[in-house]
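Data block below; observations after.
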Amino acid sequence: VYLCPWSQANCSIINFDKQGRLSCDRYFYINDVNTQVEFKSHQWFGATVRSHGNSILACAPRYYWRTEHDTPFSDVTGTCYLSVDSLKTFVEFAPCRTERHGPAGQGYCQGGFSADFTKVREIFVGVSPGQLISATTEEIVKAYYPSYFLLSVAGQIQTRQMGSYFGYAVAATDINNDGLDDLVVGAPMFMRRGSNGRLEELGKVYVYLQRGPLLLEPSRSHLLGQQAFGRFGTSLAPLGDLNQDGFNDMAIGCPYGGDDQHGLVLIYNGHDGGLMDTPTQTLSGQWASSSFPDSFGFALRGNKDLDQNGYPDLIVGAFGADKAVVYRARPIVSASASLTVQPTMFNQEEKTCELFTGNETIAVSCISFCLLANGKHLPSHLGFVVEVQLDSVKQNQKESIRRTLFLDSQQPSLLKTLSLANGQRSCHDAKIYLRAEEEFRDKLSPIYISLNFSLDPHASVDQHGLRPVLNYQTEQRIEQKAQIQLDCGEDNICVPDLKLAVYGTEVYLGDENSLSLTFNARNEGEGGAYEAELYVVLPPEADYSGIARNLTCSYEAENQTRYLVCDLGNPMKSATSLWAGLRFTVPRLKYTYKTVEFELQIRSKNANNSESEVVLYELQVAAMADVILQGVSLPDKVIFPPPNWSVSQSLREEQDIGPELQQVYELVNNGPSVVSQSTLEVRCPLRAYGHPLLYPVEVLTEGPLSCSSKHTFNALKLKVRTHTHTHTHTHTHTHSLVAMVRSLPSVYSWLISFPVVQVVTAVLWNKPDSLFYVPVWIIILAILAGLLLLSLLIYLLYKMGFFKRSDPYGTTMEKAQLKPQASSEA
1 VYLCPWSQAN CSIINFDKQG RLSCDRYFYI NDVNTQVEFK SHQWFGATVR
51 SHGNSILACA PRYYWRTEHD TPFSDVTGTC YLSVDSLKTF VEFAPCRTER
101 HGPAGQGYCQ GGFSADFTKV REIFVGVSPG QLISATTEEI VKAYYPSYFL
151 LSVAGQIQTR QMGSYFGYAV AATDINNDGL DDLVVGAPMF MRRGSNGRLE
201 ELGKVYVYLQ RGPLLLEPSR SHLLGQQAFG RFGTSLAPLG DLNQDGFNDM
251 AIGCPYGGDD QHGLVLIYNG HDGGLMDTPT QTLSGQWASS SFPDSFGFAL
301 RGNKDLDQNG YPDLIVGAFG ADKAVVYRAR PIVSASASLT VQPTMFNQEE
351 KTCELFTGNE TIAVSCISFC LLANGKHLPS HLGFVVEVQL DSVKQNQKES
401 IRRTLFLDSQ QPSLLKTLSL ANGQRSCHDA KIYLRAEEEF RDKLSPIYIS
451 LNFSLDPHAS VDQHGLRPVL NYQTEQRIEQ KAQIQLDCGE DNICVPDLKL
501 AVYGTEVYLG DENSLSLTFN ARNEGEGGAY EAELYVVLPP EADYSGIARN
551 LTCSYEAENQ TRYLVCDLGN PMKSATSLWA GLRFTVPRLK YTYKTVEFEL
601 QIRSKNANNS ESEVVLYELQ VAAMADVILQ GVSLPDKVIF PPPNWSVSQS
651 LREEQDIGPE LQQVYELVNN GPSVVSQSTL EVRCPLRAYG HPLLYPVEVL
701 TEGPLSCSSK HTFNALKLKV RTHTHTHTHT HTHTHSLVAM VRSLPSVYSW
751 LISFPVVQVV TAVLWNKPDS LFYVPVWIII LAILAGLLLL SLLIYLLYKM
801 GFFKRSDPYG TTMEKAQLKP QASSEA
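Going by full-length UniProt numbering, the residue at position 678 of the sequence shown is 678; the numbering climbs one at a time, nothing skipped.
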């Protein structure tokens, strides 16, 4: 243990144990055998040092003691030395050294791992693995005899709580400012069962408030470490009153804490109930070690004003780095601010702002802010940075900043640097303006006007080379709330009544043209609906294609939901009735769908009645087809029998039957829907008057058709010519054929008429005389009819004067009298 004055690095060794040389470990006769009973090498003397007035205590927690000659091991009992007269005389205090070894005695006691004094000069000594032993300095001095190893201190008391290294560190200080020292005990290996059921070593610090002489009462503020294996509570140091609030504060070491396990020191402030639950400051190590952690915070000392600036300082030891660092406490500034907005209801039409310097009517409101600062041991003047934000971040939206107000500088914020004397109050004011209505959208939400202040980081240091800091309890941000005047009555609260009606037509399968939804949006309430929007959730099979009427919409997607947001007005005033339409396409409509569902709702930002009821509008899925059936006969007329044709007794080829006749049918669907499971049925007369009339040869098709017939095609197996047309190929003396389309029932409502077509073939009969007999009566009847017709014709000519017409050249005489010239001309 060294004694070092603060003013210079000239340290001297304090000889607490004048007989404690390595060669002078004490021996004792056990069973007539001279036996070494104590071992002081590597005993860590000086691991714990505490002082109180003229009393100084130094301990060696790894001091060994042996009580039997043939015992192969010794007990780590630990020991301490005490001086009560300013280092003139020393007495030994070894509470764990007994004549019994092992578990029967104190065993691995390690007395002196921690120690501290109280105001009544009582000593608390911590022993491992978790126990406290207490005695007064008077009792320890009175019981000490240099020639006795085993000393019994009258009045010594000890706890029965074992485990978790309770008592590894102890500290006594008046935390609650009641004039009595309180006790703080560290248990760095305290374990708690975690959420997974496993034990976690977190460490714990217990606080005991002294309500009377040695009457210790557990405080509610027991502090738990936040990092496993950080050894929270390994060291404790009373700091004195750091923030000058009347309560002593405490530093707690966590030598393996932090992200890199290099160690942390946490500062806790005191109050009338003990220590605060959360630290107000965290110190971390600044060194790195390649072999093992720095153990920053393994040892702590505080409550000493090293630089004489009126505030106690702290020394932190780093066991792994063989270093210590001094933290100088900076002066504490207690500051408070105020912010006033007048008036708090902004009206664009009424601009009444009255400043302290005079009356003006050009701004919608005025703001005024004041700042007061004071504290102990402060510089003559303090520098502050003050920022006033006219549009704070809205409470219900992340990173959404409203730009509704501005200053004379046309900026939405004010940044000012102030210089205040200790105890001085400084006030300032400014005019604020409301932007034009079309420049911002949100008119309902409160406008938060905030003030933030902090100490100027560029201010000059004080005479001790330090810059002051704000008290951790200082409210550095204050807010005031204002509103925009709405057309909603005296209470400025708008209550809309939003109604929505939707109309649409059927959706046709296969139709990729746009469908339209027409909606009627109404506000039947007493106030306007602000930021009113139509919210439309699109079904998966539909795509938005545009608006049918004057409307502003935006298409958005979030996760798997696609939706439209259409502006209905800001505000959508009372008694508003708006008709508009939206267009969609349905390219992904499947034939399993019966309906297409849209979800629509009107939403506003009003606090009351902000939404309409959700409308789930279902459009029925229908099928619509335009089916056309066309037919033609090739050729359109048949002469039978054909020239040079005779009945063949042996039928080998198709022309042996008769002339060829083709009926061509074309079935066209002009859509848009697909007609499924349809049948084309063709009926033709195969016989007439008891005689064969038509011989079906084959059916030729194009497209996905499957044909069948009740009758056998080409039953005689005749040789068939190759054809390339799509037709029904027959040999026939046909009059006409009939074809029609039928369809099976469907789950949809079909808008379709199934046509019927009749294909007619004219037949001209060729009947030669050599082949057919004509009755005589028919011939006689035909001659008589001819004579009668001839007589009737002659009679008609006679009546018309046909037989009375003169010769155009006259009689012979008249011809003779013609002059030669005339005759020649004629």
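Here a beta-carbon is modelled for each residue, glycine too, at the ideal position from N, C-alpha and C.
Identify whether residue i lies in helix, strand or coil by the three-state DSSP scheme.
i, result
"S51", "strand"
"L414", "strand"
"L789", "helix"
"A782", "helix"
"T726", "Only weak support is given to the placement of T726: the predicted model assigns it a pLDDT of 46, under 50, and the value that follows is read from those uncertain coordinates. Correct three-state label for T726: coil."
"K88", "coil"
"F384", "strand"
"Q655", "helix"
"H13", "The sequence given here places Ile at residue 13; His does not occur at that position. I13: strand per DSSP, three-state reduction."
"E438", "helix"
"W765", "strand"
"Y795", "helix"
"W777", "helix"
"G631", "strand"
"K394", "With a pLDDT of 49 at K394, under the threshold of 50, the modelled position of that residue is not reliable, and the figure given next carries that caveat. Coil."
"W65", "strand"
"H42", "coil"
Using the Cβ count rule (16 or more neighbours within 10 Å means buried), how would you classify residue i?
i, result
"F65", "Note that residue 65 is Trp in the sequence shown, not Phe. So W65 ends up on the buried side."
"R588", "exposed"
"K88", "exposed"
"Q663", "buried"
"D277", "exposed"
"N196", "exposed"
"E654", "buried"
"C11", "exposed"
"I780", "exposed"
"I628", "exposed"
"A58", "buried"
"M800", "exposed"
"D408", "exposed"
"L224", "exposed"
"A94", "buried"
"N15", "exposed"
I'd like to know whether the C-beta atoms of residue i and residue j end up nearer to each other than 8 Å.
i, j, result
"I432", "L390", "yes"
"N452", "N374", "no"
"S114", "E122", "no"
"G240", "G179", "no"
"I252", "V341", "no"
"E200", "M189", "no"
"I140", "V91", "yes"
"E531", "K605", "yes"
"F124", "S55", "no"
"L498", "L534", "no"
Let's see if you can read the secondary structure: which residues bound the beta strand (DSSP E) around residue i?
i, result
"A171", "169–173"
"R721", "No beta strand (DSSP E) contains R721, which DSSP labels as neither H nor E."
"D491", "Taken as a continuous stretch (DSSP letters only), D491 belongs to no beta strand (DSSP E), as it is neither H nor E."
"T561", "561–569"
"Q663", "660–669"
"A337", "332–342"
"C96", "It is not in any beta strand (DSSP E) - C96 carries neither H nor E in the DSSP assignment."
"C366", "365–374"
"M800", "Looking at the DSSP string, M800 is not in any beta strand (DSSP E), and its letter there is neither H nor E."
"G253", "249–254"
"R477", "477–484"
"Q758", "756–760"
"M624", "615–624"
"F713", "First-last for F713: undefined, no H or E at that position."
Which two residues bound the contiguous alpha helix (DSSP H) that contains residue i?
i, result
"V141", "137–143"
Taking 7 Å as the cut-off, is the C-beta of residue i nearer than that to any heavy atom in the ligand NAP?
i, result
"T761", "The model depicted lacks the ligand NAP and carries no ligand whatsoever."
Segments assigned beta strand (DSSP E), at least 3 residues, entirely inside the region 579–611: With a minimum length of 3 residues, the continuous beta strand (DSSP E) runs that stay inside the region 579–611 are 595–603.
Within the region 509–536, ranges of the beta strand (DSSP E) (whole runs, at least 3 residues): Given a length threshold of 3 residues, each whole run of the beta strand (DSSP E) inside the region 509–536 is given here in chain order: 515–523.
Contained beta strand (DSSP E) runs [length at least 3] in the region 269–319, N- to C-terminal order: List check, beta strand (DSSP E) in window: 281–284, 296–304, 313–318.
Start-end ranges of the beta strand (DSSP E) lying completely within the UniProt repeat "FG-GAP" (152–217), minimum 3 residues: The qualifying runs are 169–173, 182–187, 191–193, 199–201, 204–212.
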